[in-house]
Amino acid sequence: MFRLVRVLPVCFLIVFVPATLNAQESGPADVESLRKKIEAQETQIKLLRESLQRQSEMLQQQQAILESLKQKLDVSAPSASFAAQTAPPRSEGQKPDQNQQPREGQQPAGQQQPNEPVEAGAGRIRFDGLIQGWFASGDRAFRDTFRLRRAQLRFTGDINENIRWVVMLDAAKALAVNNSFADINGSQAVIESRVEQASRILQDAYIRLDYTDKARVEMGQFKVPISLEMNQQAASLDTVERALFISDPRGIGVARDLGVMVSGRVLPQLDYQFGVFNGSGESQNEVDRNQRKAFIGRVAFRPLKGLQLGASGAWAGDGSRLDSPRRDRLGGEVSFNSDKLRIKSEVMAFVESDVHRLGYYAHIGYRIVPRFEPIFRFDSFDPNTGIENSAQGVTERDYIAGFNYFLAESRLKLQLNYLRKTFDNGLLPSRNLVLVNLQTSW
């Protein structure tokens, strides 16, 4: 080690001293050449820095373009009134708030992501749909059958953030015609022919102006604001079929009509819908047949979390003319929804000319596990409160038990209902019916 220390200075002198002498001997010319090389390198470095700066600016511009395209492709679900609201995305097992039911054909409560929109001639278009396949089996000469209950195709377009349109078709509808006959010279002759309203393929077709949450305007054809369950979308029904006062051929039906409606939220707990229509559901996709219009409205009040109270009514005609019969409705509703428990009840009284009808139900469902929900319902409908001694006016009472099984959240659902149908005064024999529904929505 000592020898190595002594040798290192000698090596240093051998290398360093000649290099120094050579530098001194080279003179001013070599120094000038070295200076020019350094200046050239500095120039190249400056050019390189300018080139990198330009590339950085180009990348920032490209990033801004990408952000703009991303904003155009982002989904913005249209705002809706209390009868057309959807719940936010939920994790599996979390019950959506069903107090605020979306309209039929709209995205079901709890659906994870809305469909991606596509570019259109103006604005964007989103495509939704629902398919329901039924199987029904019963006694008393009931013929077991499969049935395609609904095949809904719904298109929603955004012209801009304040103007939207909706068109919904149901391809499963079978066109039917109602004929009126008269006796002419001893033979029956058709004096009037109308398309059965329940058979029309065109369901919804309307434009919505959405400039403020307090007063949205819709014009076209859509559901009239009557009843909680009637305005509940088909994909989120708690039972396979709606309540008797809606589904019975003598009931109010899933009433759609042509008109204009204003809806909004005047208070955080209070929503309203009010509209003027050609009728209360009898003039779908056709011109009005009389001068009178139907005035229909609904309000909903939520005093506590999960609890909703509501009322709805319609006034359509006073019966002073043959072409303007009375078609009045008045109903009340209450519902409560928590993470697992669902309770709701409605009562509806209505007048068809001189016939008074009354219907009501009470429903309860409890989500035992995230995918399985047993349900029970008591359902009653009196098609004519003034007659109880004939089969045409007898009160029907249904006892319904079953379950909803969610195979893929709300996108794929299996429902099974057992119905025990009974009739007052034994005018009709009791019957048993089993309904099975397998549906998918997107």
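Residues 935 to 1376 (my numbering) make up the sequence shown, in order. All C-beta atoms in this analysis are idealised placements derived from N, C-alpha and C, irrespective of residue type, glycine included. Keep in mind the model is a prediction, meaning the values are calculated, not measured.
Would you mind reading off the limits of the beta strand (DSSP E) that contains residue i?
i            : result
residue 1277 : 1275-1286
residue 1089 : 1079-1092
residue 1152 : 1150-1157
residue 1268 : 1261-1271
residue 1444 : Here the chain has residues from 935 to 1376 only, and residue 1444 is not among them.
residue 1108 : Where residue 1108 is concerned, there is no enclosing beta strand (DSSP E), given that its DSSP letter is neither H nor E.
residue 1160 : First-last for residue 1160: undefined, no H or E at that position.
residue 1301 : Per DSSP, residue 1301 belongs to no beta strand (DSSP E) and is neither H nor E.
residue 1203 : First-last for residue 1203: undefined, no H or E at that position.
Over the uninterrupted alpha helix (DSSP H) stretch that includes residue i, give me the two end residues.
i            : result
residue 1178 : 1178-1181
Starting from the Cα of residue i, find the closest Cα among the options and give me that residue.
i            : options                   : result
residue 1371 : 1340, 1358 and 1104       : 1340
residue 1195 : 1210, 1299 and 988        : 1210
residue 1164 : 1271, 1198 and 1281       : 1281
residue 1181 : 968, 1286, 1317 and 1148  : 1317
residue 1352 : 1366, 1361 and 1343       : 1366
residue 1275 : 1283, 1306 and 1001       : 1306
residue 1106 : 1089, 1099 and 1132       : 1132
residue 1206 : 1225, 1148, 1184 and 1241 : 1148
residue 1071 : 1241, 1285 and 1369       : 1369
residue 1296 : 1208, 1096 and 1313       : 1313
residue 1169 : 1084, 969 and 1259        : 1084
residue 1358 : 1319, 1082 and 1060       : 1319
residue 1197 : 1230, 966 and 1376        : 1230
residue 1268 : 1235, 1214 and 1250       : 1235
residue 1059 : 1101, 992 and 1223        : 1101
residue 1291 : 1260, 1142 and 1298       : 1260
residue 1375 : 1240, 1242, 1067 and 1057 : 1067
residue 1228 : 1208, 1311, 1250 and 1001 : 1250
residue 1288 : 1204, 1325, 1321 and 1300 : 1321
residue 1223 : 1203, 1190 and 1258       : 1258
residue 1364 : 1329, 1301 and 1204       : 1329
residue 1346 : 1361, 1338, 1324 and 1373 : 1373
Please state the DSSP three-state secondary structure of residue i.
i            : result
residue 1130 : coil
residue 1355 : strand
residue 1173 : coil
residue 1369 : strand
residue 1073 : coil
residue 981  : helix
residue 1041 : Note that residue 1041 has pLDDT 46, beneath the 50 cutoff, so the model's placement of it is unreliable and no number is given.
residue 964  : helix
residue 1360 : helix
residue 1031 : With a pLDDT of 46 at residue 1031, under the threshold of 50, the predicted position of this residue should be treated as unreliable, and no value is reported.
residue 958  : Note that residue 958 scores 49 on pLDDT, short of 50, meaning its location in the model is unreliable; the coordinates nonetheless yield the value given after this. Note: residue 958 maps to helix in three-state DSSP.
residue 1168 : helix
residue 1009 : Below a pLDDT of 50, predicted positions are generally treated as unreliable, and residue 1009, at 39, falls in that range; the measurement from the model is reported next regardless. Coil.
residue 1239 : coil
residue 1245 : strand
residue 969  : helix
Would you list the residues sitting across from residue i in a DSSP beta bridge?
i            : result
residue 1308 : 1337
residue 1209 : 1195 and 1230
residue 1065 : 1085 and 1374
residue 1295 : 1280 and 1313
residue 1330 : 1315 and 1357
residue 1139 : 1101 and 1155
residue 1348 : 1339 and 1372
residue 904  : Residue 904 lies beyond the residue range present for the chain, which begins at 935 and ends at 1376; the question has no answer from this structure.
residue 990  : BP columns for residue 990 are empty, so no partner.
residue 1184 : DSSP, once it has assigned bridges, lists no residue as partnering residue 1184.
residue 1223 : None, per the DSSP bridge assignment.
Measure the beta-carbon distance from residue i to residue j and round it to whole angstroms, keeping in mind my assumption that it falls under 8 Å.
i            : j            : result
residue 1434 : residue 1266 : Given a span of 935 to 1376 for the chain in the structure shown, any question on residue 1434 remains unanswerable.
residue 1192 : residue 1137 : Going by Cβ atoms, the distance from residue 1192 to residue 1137 rounds to 13 Å, so no, they are not a contact pair.
residue 1350 : residue 1336 : 5 Å
residue 1315 : residue 1178 : 4 Å
residue 1285 : residue 1262 : 5 Å
residue 1334 : residue 1173 : 6 Å
residue 1187 : residue 1215 : 6 Å
residue 1082 : residue 1063 : So it is not a contact: roughly 13 Å between Cβ atoms.
residue 1143 : residue 1096 : 7 Å
residue 1189 : residue 1158 : 5 Å
At least one CB of chain D closer than 8 Å to the CB of residue i: is that the case?
i            : result
residue 1241 : Absence of chain D from the displayed structure is noted, only one protein chain being present.
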